[in-house]
Structures are given as structure tokens and as C-alpha cells.
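Protein chains in written order, with the numbering used here: chain A, 1 to 396; chain B, 1 to 381. As C-alpha cells, the structure follows; a few thoughts come after it.
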């Protein structure tokens with residue numbers, strides 16, 4: 001008990017005198033906060049991107065693409081194949097309509113609001129009438145649904161906010177084609193919100209892809225219908241296709257990008273972390289040096305070495321914790337929900353998403369901050385504990 | 001010069017402190033170098049893109065083709081040196097997801113348009129002679145261990161999905177640091193012959209080399225007017241503008257990288273500054289003594305500043321040097337960032353930042369030291 005009391009007494013002494021060493025403590029705090037800001041904000045990009053991509057896919061829907069195709073962009077399915085696919089078992093019916101839609105996925109140039117001079121590749125998806133019901137998460141938030149057989153389009157919420165001239169009433173001029181925006185839709189924050197939707201037959205005409213589709217999307221009867229559905233298609237000699245659950249498709253689409261960003265974020269944060277540990281070591285050495293006399297006095301009075309050691313560690317842990325809290329808060333305030341868009345390299349098309357500072361990221365950031373503080377305090381703590389009493393008292 | 005030993009002694013007055021300050025600044029500039037390299041890599045080689053090359057794409061989107069018949073019309077326009085075209089092949093090697101940068105081109109105009117692609121004359125001749133011939137970048141050849149004479153099958157979902165396309169590697173091109181050496185070029189006539197009839201006679205985009213970059217804007221307008229109201233209208237930009245536009249689509253990676261670099265430099269600049277403040281504070285007495293023996297104010301200022309400059313330049317210089325060595329090893333992502341090099345411009349910026357940091361870190365304590373009043377300083381202790 002005596003040992004514990006000693007330790008607490010020295011810790012308090014250390015912590016209460018931190019304000020008097022504000023300058024050098026600030027170096028450690030700001031250093032650690034900087035690492036946490038960079039770490040959390042870079043990883044919030046990949047969390048946001050992955051969120052938009054994965055959130056888009058439902059395990060209750062299946063994507064049918066040409067055999068060997070990895071993306072809707074390079075897949076091609078002709079009209080006869082599409083007709084066969086629609087007859088597959090396992091597709092949900094609502095009344096007399098089968099919830100399945102043969103779609104054409106192309107790209108149209110629309111300028112980004114952030115750089116109006118250069119065009120961005122915005123996905124333009126032609127759907128069949130059941131296409132909207134096939135996706136239960138879709139809903140119109142402004143205007144109305146487009147009429148089939150016309151050149152009317154509806155625009156995803158994210159596309160509407162990221163790109164120029166996609167409001168209800170606007171006309172999108174693309175080459176010699178004109179598209180009339182009549183509505184805005186949302187889709188639970190998924191990638192579909194970056195897309196523009198129109199009638200697939202109109203689109204086939206405009207892009208000279210007569211009776212040709214990219215993909216057939218089907219709502220499954222139940223989660224377990226996938227096996228029936230895909231087995232039937234795989235064994236049917238009339239079609240050569242690959243079938244994937246929609247959520248799996250989008251997950252594989254997001255992998256390259258999230259892996260790149262995560263590697264980048266971890267790499268930079270690790271290097272910065274090493275630097276911040278050096279900064280913390282410097283700070284703690286200064287803290288120990290400025291208290292040489294006090295520490296020596298305590299030791300002479302009979303305080304044990306462990307309490308001195310722990311007190312230094314506690315101080316640097318506290319500095320690390322403060323840095324972590326500041327950094328995490330700053331990253332959260334500055335970046336959480338920040339809207340942006342990037343290019344999905346698999347389809348060369350734009351994906352809008354928001355940075356996501358998740359609680360998990362914040363906890364990881366705080367954990368890193370505490371580790372940096374702890375590692376930074378280690379050497380100075382050992383030095384303080386091993387201070388030779390007599391010479392230390394003589395110093396200064 | 002004769003004060004060098006004095007500066008040296010002062011720098012190493014507290015070994016631990018100096019060592020860790022040097023180490024953190026080393027890390028700071030190492031990071032600066034790497035972050036700037038990443039920034040340049042995402043710029044997709046904009047810096048080397050030619051201003052004397054124009055790119056004509058389909059006005060609707062880059063992904064829609066243009067007719068081959070445009071080539072003659074472009075070539076006949078006054079001010080045009082070479083009208084060449086490229087077509088995205090989307091060739092996948094070994095597995096469908098492993099898509100390489102593969103392009104169908106016409107060998108002669110292509111090589112003439114891109115003099116920065118270095119290909120031995122014999123290999124260029126072999127390419128002209130072999131319809132199935134392809135040339136690949138040095139880095140790509142190295143990645144898969146390809147040699148001249150190898151036969152390589154690629155799958156293409158766009159042009160003929162059912163069976164693979166076979167190519168003979170007839171050449172391996174090289175080029176400067178900022179040339180993307182991971183690309184695969186093969187002959188357009190081979191593509192055109194073997195794709196579906198409906199697709200014949202279509203090219204991806206045109207790259208036009210012009211006589212004088214000053215006429216770029218004017219020529220661009222001419223081309224776009226030439227094909228206006230046709231089935232495939234065009235949009236012409238300089239190659240530089242085209243690549244910049246493409247890079248912008250990825251997002252503003254440049255700004256993110258600069259933000260990270262600034263955070264890093266600010267963080268570690270504080271470390272340097274705090275070290276200098278402490279170091280001068282401890283030495284108040286000595287500085288007063290120096291003044292007493294006749295050191296001028298200016299000389300004291302210079303002494304303290306050279307000390308902080310010494311620290312930032314040595315540590316920063318080493319950091320940048322190590323960053324450069326790491327970058328030499330090439331793209332760590334295995335193909336995502338083909339142009340991976342530390343631009344000389346950023347090295348210069350880095351050195352300038354070291355000087356600035358050294359001055360900023362040293363200036364306050366140095367001014368304080370300069371203004372020391374001898375009597376006060378000596379009395380203080």
C-alpha cells in the first residue's frame with residue numbers, strides 16, 4: 001500500500017506540473033495529434049468509399065453478366081440471352097411482374113462541380129420498367145419517375161450534388177442527345193446514387209447498341225433462391241454467363257481502391273508515428289531533466305524506483321491520450337460526412353461518397369496515440385528511475 | 001568558417017536531444033519525399049505530356065469510338081504533323097481481373113508521335129513486319145518475365161470474348177523516368193481483322209501531333225467544327241489537358257497529399273523549434289560570456305541560426321536522400337502507380353523548406369540571444 005501511495009503521489013506531482021512545461025509538452029501532444037488526424041482522415045476515405053460500394057449491393061439480388069466479365073462496363077448480353085435469363089427460376093414476382101431488369105450501363109460526360117472545366121465519367125444506366133421495383137431501397141425524393149419511351153432521366157442524389165446541371169428541369173446535352181431531368185432518387189447512400197437512370201431502349205438507340213444489354217439484375221425470391229437461379233443459368237446451354245450476388249459484386253469492385261488507400265494510410269501513419277515517438281521521447285527527456293532535483297530528492301527520501309518510473313510513463317500516456325483526443329476530434333469535425341467523388345478504376349466511372357469517421361477508426365486512433373505516448377515515455381522513464389541520487393542532487 | 005568547431009560543439013551539447021531532433025526531422029523529410037512521389041504518381045505523368053499533341057475523343061464520352069475515316073481528314077488539315085489513333089483493348093492476362101493497359105495502334109505513326117518511347121530500330125522493324133507483333137514496356141516485361149519472341153495470349157471482353165488473342169512480343173520499349181513502362185501496344189490491323197463486323201473501322205481516340213503548340217487551341221476548334229453534326233462529334237484538348245482531366249476524375253489526391261505533407265512538416269518543425277529554444281535558454285550564460293569577449297550581436301545571431309540550419313539541413317537532406325533511394329525501387333503497388341518517381345522540382349522545394357524550417361526554428365531564440373543584455377544574463381544564474 002505504501003508503494004501504491006508513493007506512486008500516486010509522484011504521478012500527481014508530475015501531472016500537476018505539466019502546465020509549467022507547456023511548451024515542450026505541446027510538442028509531444030501536437031505531434032501525436034497530427035499522426036491521429038492523418039491516420040483517421042485517410043482511413044475515413046476508404047471507410048466511406050467501401051461503405052458506398054458495399055452498401056449498394058443487396059444479397060437478395062443477383063447480377064447476371066457475360067461469362068468472364070468482371071464489370072458491368074465490359075459485360076455484354078444480347079436480347080435473346082436476356083429473354084432466356086428472365087425465365088430462370090428463383091426470381092421474385094409481384095403480381096404479374098417478374099422483378100428482373102435487363103440493363104445497359106454506359107458513361108456520359110458531365111462536369112464535376114469541383115472542377116467544372118473537365119468532364120467526369122458519370123454512369124448512365126438504362127433500365128426496364130421493373131428495374132425500379134427490383135431495388136427495394138430506391139425512392140424518389142424529388143420530381144417524378146421518367147416515362148419509358150422518352151428521353152427523360154432521373155438522377156441519383158449524390159450525382160445531383162456532385163455534378164453540374166443535374167437538377168429537376170435541367171437538360172443534359174451529350175453530343176447530339178438531350179436528356180430531360182425529371183426526378184431525383186435516393187438508394188440508401190449506395191453507388192446507385194451516383195448514377196443517372198433512363199429507359200434502356202432509348203439508351204440502346206442513342207449509343208447504337210441495338211438489342212444489347214450489359215447486365216440482367218434480378219430480385220431473388222428468397223435469399224436461398226440464389227443457388228437455384230444460378231444453377232439453372234450455368235447449366236443452360238443457351239446462355240454463357242456468370243451470376244453473382246450483388247453485394248459480392250460491389251465488394252470486389254471496391255477492393256482495389258480500399259486496399260490502396262488503407263496501405264497508404266497505414267504506411268504514412270506508421271512513419272509519422274515513429275517521428276511522433278521521437279518527439280515524445282524528447283519531451284519526456286526534457287520533463288525528466290527539468291525535474292532531476294525533485295526526483296533525486298524523492299529518491300533520497302525513500303521513494304522507490306518503480307514509482308518514479310511509473311510516474312513518467314503515466315505522464316507520457318496522458319500526453320498521448322490528450323493528443324489522441326485532439327486529433328480524433330479534429331479529424332471528426334473536419335472530415336466526417338465530407339462529400340466527394342472518385343473514379344472506380346474497374347468501370348472508369350464516378351462514385352460519390354462521404355468520408356466516414358467511424359467509432360472504430362477513432363478508437364484505433366486513440367489506441368495508436370496511447371501506444372506512441374507509452375513508447376515515447378519508456379526510455380526517459382528508465383533514465384529517471386536510474387538517476388544516481390548524489391550526482392543528480394549536485395546538478396544545477 | 002573558423003566558428004565551425006564552436007557550432008559543432010553546440011549542436012552536440014546534449015547528445016540525446018540532438019539525436020532525437022535529427023531523427024524526427026529525418027522522418028519528416030523522408031515522408032515529404034514519399035508523399036510528393038505519390039502525388040506525382042497520381043498526376044499520371046501530366047508534367048511530361050506534350051503540348052504539341054492533341055487528343056480527339058468522342059464528345060459524348062471517351063468510351064464511345066470514333067470512325068477511322070476521320071484520320072484522313074485530320075491528316076490533311078494544315079498544321080498537322082501526324083494523325084495517329086489508339087483503341088483501348090482491355091486485355092486481361094491469365095485471369096479476367098488482371099487487366100493490363102493494352103492499346104491497339106498503328107506502329108509507324110505511333111512511334112513517331114511518341115519519341116519518348118525508346119525502341120531499338122531492329123525491334124521497330126520487326127513490329128512493322130509482324131501483324132501479331134506487340135511491344136511492351138520494360139517494367140511490364142519484367143513483371144511477367146516476358147522476352148522477345150514470347151507468344152502471349154490475352155482475353156478481351158470488349159472485342160471478342162470467346163477466344164483469346166495471341167500476340168508475339170517483338171519489342172521491349174524503355175524511356176525516361178516519367179514514361180509509363182507498363183503498357184502493351186499491338187497493331188490495329190490485327191484487331192480490326194479479327195473483331196465482329198459491326199465493330200470494324202472504329203478507333204478509340206485520335207492523338208494528333210501538330211507543328212506548333214501555339215496553334216493548339218485554333219486547330220482543336222477546327223477539328224471539332226469539322227465533325228460537328230456528324231454521327232460522332234469530337235472534343236479536342238491538348239494531351240496535357242486530357243490527362244489532367246482524367247487525373248481530376250480520380251479526385252484531388254494532390255491536395256490531400258499536400259495537406260498531409262504540411263501537417264508533417266508543421267509537427268516536426270515544432271520539434272526543431274522547441275529544441276532550439278531549449279538549447280539557447282540553457283546557454284544564456286555562455287552567450288553572455290561570448291558577448292563580453294567581443295562577439296557582435298550579428299555574429300551571435302549567425303551562430304544560433306547556423307546551428308538550427310545545420311540540424312534541419314543534415315536531417316532533412318538525409319531524409320530526402322533515403323526517400324529517393326526508396327522510390328528507386330519502383331511502384332510498391334505492383335502496377336497501380338506506373339509513374340513512380342520523385343520529381344526534381346519537389347527536391348528543390350524540400351531543400352527550400354529545410355532552409356525555411358531552420359530559419360523559423362532558430363529565429364526567435366536567435367533574436368533573443370542577440371538582444372541579451374550581458375549584465376542581466378550573467379546575473380540570472
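We put the beta carbon where it would ideally sit given N, CA and C, even for glycine. Just so it is clear, the structure is predicted and the values come from calculations on it, not from any experiment.
Query, Result
"Should the segment 93-105 of chain A be regarded as contacting the segment 125-136 of chain A, the criterion being three or more beta carbon pairs within less than 8 Å?", "yes"
"Should residue 357 of chain A go down as buried or exposed, given a rule of 16 or more other Cβ atoms within 10 Å for buried?", "buried"
"I want to see whether chain B comes within less than 8 Å of residue 329 of chain A, judged by CB atoms only; does it?", "no"
"Measuring only the C-alpha atoms, how far is residue 314 of chain A from residue 154 of chain A?", "59 Å"
"List the residues of chain B that residue 176 of chain A touches, going by C-beta distances under 8 Å, in chain order.", "229 and 233"
"Could you tell me the boundaries of the beta strand (DSSP E) in which residue 17 of chain B lies?", "It is not in any beta strand (DSSP E) - residue 17 of chain B instead sits in the alpha helix (DSSP H) that spans 15-42."
"For residue 414 of chain B, decide whether its Cβ has a neighbour in chain A, counting only Cβ atoms nearer than 8 Å.", "Residue numbering for chain B in the displayed model covers 1 to 381; residue 414 of chain B lies beyond these limits and cannot be assessed."
"When the distance is taken between beta carbons, is residue 316 of chain B closer than 8 Å to residue 29 of chain B?", "yes"
"Under 8 Å: do the segment 21-37 of chain B and the segment 306-322 of chain B share three or more Cβ pairs, one atom per stretch?", "yes"
"Can you give me the start and stop residues for the beta strand (DSSP E) that residue 114 of chain A sits inside?", "Looking at the DSSP string, residue 114 of chain A is not in any beta strand (DSSP E), and its letter there is neither H nor E."
"Within 8 Å (strictly less), CB to CB, does residue 31 of chain B reach chain A?", "yes"
"Answer with buried or exposed for residue 122 of chain B, where buried requires no fewer than 16 other C-beta atoms within 10 angstroms of its C-beta.", "exposed"
"Can you check whether the C-beta of residue 121 of chain A is within less than 8 Å of a C-beta belonging to chain B?", "yes"
"Throw me the rounded Cβ distance for the residue 283 of chain A and residue 24 of chain A pair, which I believe falls under 8 Å.", "5 Å"
"In the DSSP assignment, find the alpha helix (DSSP H) that holds residue 227 of chain A and state where it starts and stops.", "225-235"
"With C-beta atoms as the reference, is residue 37 of chain A less than 8 Å away from residue 327 of chain A?", "yes"
"For a quick check, are the C-beta atoms of residue 374 of chain A and residue 40 of chain A less than 8 Å apart?", "no"
"Measuring CA to CA, which of A/114, A/392, A/222 and A/351 is closest to residue 92 of chain A?", "A/222"
"Can you have a look at residue 367 of chain A and say buried or exposed, based on whether 16 or more other CB atoms are within 10 angstroms of its CB?", "exposed"
"Note down, one range per segment and in chain order, each beta strand (DSSP E) of at least 3 residues found wholly within the segment 206-268 of chain B.", "234-238"
"If I follow the unbroken alpha helix (DSSP H) through residue 326 of chain A, where does it start and stop?", "305-335"
"Can you name the start and end residues of the beta strand (DSSP E) that residue 56 of chain B belongs to?", "53-58"
"Does the Cβ-Cβ distance between residue 35 of chain A and residue 272 of chain A come in under 8 Å?", "yes"
"Looking at C-alpha atoms only, which residue of B/347, B/136 and B/223 is the closest neighbour of residue 58 of chain B?", "B/223"
"Can you pull the chain B neighbours of residue 75 of chain A, defined as C-beta to C-beta under 8 Å?", "157"
"Comparing the C-beta of residue 405 of chain A with each C-beta of chain B, is any distance below 8 Å?", "An answer regarding residue 405 of chain A cannot be provided, because it is not within the stretch 1 to 396 covered by chain A."
"Compare the C-beta of residue 250 of chain B against all C-beta atoms of chain A and say whether one is closer than 8 Å.", "yes"
"Please compile the residues from chain A whose C-beta is within a distance smaller than 9 Å of the C-beta of residue 245 of chain B.", "115, 117, 118, 119 and 120"
"Pick helix, strand or coil for residue 194 of chain A, following the three-state DSSP scheme.", "helix"
"To be precise: take each residue of the segment 14-28 of chain A, compare its Cβ to all Cβ atoms of chain B, and keep it if any distance is under 7 Å. Which residues remain?", "23, 24 and 27"
"Any beta-carbon of chain A closer than 8 Å to the one on residue 325 of chain B?", "no"
"With a threshold of 8 Å, are at least 3 pairs of Cβ atoms found where one atom belongs to the segment 257-264 of chain A and the other to the segment 11-25 of chain B?", "no"
"Would you mind listing the alpha helix (DSSP H) stretches within the segment 205-291 of chain A that are 4+ residues and don't spill past its ends, in chain order?", "225-235 and 246-290"
"Could you give the residue range of the beta strand (DSSP E) that holds residue 156 of chain A?", "152-156"
"Could you give the C-beta distance for residue 272 of chain B and residue 312 of chain B, rounded to a whole number, given that I count them as a contact under 8 Å?", "6 Å"
"Kindly indicate if chain B contains any beta-carbon less than 8 Å away from that of residue 291 of chain A.", "no"
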